[in-house]
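For the sequence shown, position 159 matches number 159 in UniProt numbering, and the numbering has no gaps at all.
C-beta atoms are modelled at their ideal positions from N, C-alpha and C, and glycine is treated no differently.
None of these values were measured; they are calculated from a predicted model.
Notes follow the structure.
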Amino acid sequence: MLTHEEVQAAISARLDGEPHGLEDDVVDAHLESCAQCRAFRDEAAALSRSLAFGEPAGAGMAPPQDLSDIILAGVEPQWRKTAGARQAGRTLSRAAIAVMGAIFAVWAVVLIITASGLEPTNADGSVLDPGADPVRAALLMEGAATRFGLASGLIFAAWRPRFAAGLFPVACTMFLFLFGFAMRDIVWGTIEVTQVYFLLATGIAAACLGWGWAADRGYALQSALRSIGSGPRNELY
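This is the structure:
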């Protein structure tokens, strides 16, 4: 008894002009009574005609000599569109990272200037500002060092986007750490505006780094996500 697979294999071979081992009458008789195989024949015939590219009858389905040109002609516009979008994303993300680096650098300079008026000027303890607080000045200097560190890392990541992946976890960790303390201070009613500014700036910097990394490694990330979302695969060991 003929199976659908045998008949469909014979149909494919017949469309390709190849021997198939079944009598044409037998195949035709089966097609008259089998809607599934008729649908397969119609789809295969339509595909054969679309790939024939005007070849004379009986020439089979041999690909034309310029098949690669035809394929590239269809693929190239989409490839150019994708490549253009990726390049635009890389350019914009690098600009955003550089801007955040400049903001942190300027912020660090402001903190240094603010702290300079809080330090003793000589051995007798006189200060430029009567309300000076050397302890607060030390904290400001530490904050300036943190901002300078972020600024240098961001500017370097804008110059070499592939290194954004290394700074991204650092910025995310800083943001989450600051976010926790900000929530605590909001509950206690002791939150300051500078805390909010630093939290927002750190979060934006982390987002820009993630954007830059994704834009630079877009195709690799897509491949990784597809592999994570794919079903079970059989592998040979």
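Neighbourhood of residue i by C-beta distance below 7 Å, restricted to the same chain and skipping five residues each side
i      : result
Met174 : Thr202
Phe168 : Ala206, Leu209, Gly210 and Trp213
Gln8   : Cys37 and Phe40
Gly143 : Leu111
Phe156 : Phe163
Phe179 : Leu199
Sub-8 Å separation of residue i and residue j beta-carbons
i      : j      : result
Leu209 : Ala164 : yes
Leu150 : Ile97  : no
Gly212 : Arg94  : yes
Met141 : Ile112 : yes
Ala102 : Phe148 : no
Leu22  : Ala35  : no
Cα-Cα separation, residue i to residue j
i           : j      : result
Gln87       : Ala45  : 42 Å
Ser152      : Phe181 : 25 Å
Arg90       : Glu18  : 52 Å
Val196      : Phe177 : 13 Å
Arg162      : Leu92  : 15 Å
Glu5        : Arg14  : 14 Å
Thr194      : Trp159 : 29 Å
Val99       : Leu47  : 54 Å
residue 238 : Ile204 : Past the edges of the chain, shown from 1 to 237, lies residue 238, and the structure says nothing about it.
Ile186      : Glu192 : 9 Å
residue 250 : Thr3   : Because residue 250 is not part of the residues shown, which for the chain are 1 to 237, the question remains open.
Arg184      : Phe198 : 15 Å
Asp216      : Glu43  : 42 Å
Val26       : Ser33  : 11 Å
Asp24       : Ser12  : 12 Å
Val135      : Ala145 : 16 Å
Trp188      : Ala85  : 46 Å
Beta-carbon separation (whole angstroms), residue i vs residue j, contact threshold 8 Å
i      : j      : result
Ala137 : Ala115 : 4 Å
6 Å CB neighbourhood of residue i in its chain, flanking five on each side removed
i      : result
Gly166 : none
Cys172 : Ala206
Cut-off 8 Å between Cβ atoms - residues of its own chain near residue i, not counting five sequence neighbours on either side
i      : result
Val170 : Gly153
Could you pull out every unbroken beta strand (DSSP E) segment of at least 3 residues lying fully inside the segment 82-117, listed in chain order? none
Of all the beta strand (DSSP E) runs that stay within the bounds of the segment 129-179, which reach a length of 3 or more residues? none
Write down every uninterrupted run of the beta strand (DSSP E) in the UniProt domain "Putative zinc-finger" (5-38) whose length is 3 residues or greater and which is fully enclosed by it, in chain order. If one requires a minimum length of 3 residues, no beta strand (DSSP E) run lies completely within the UniProt domain "Putative zinc-finger" (5-38).
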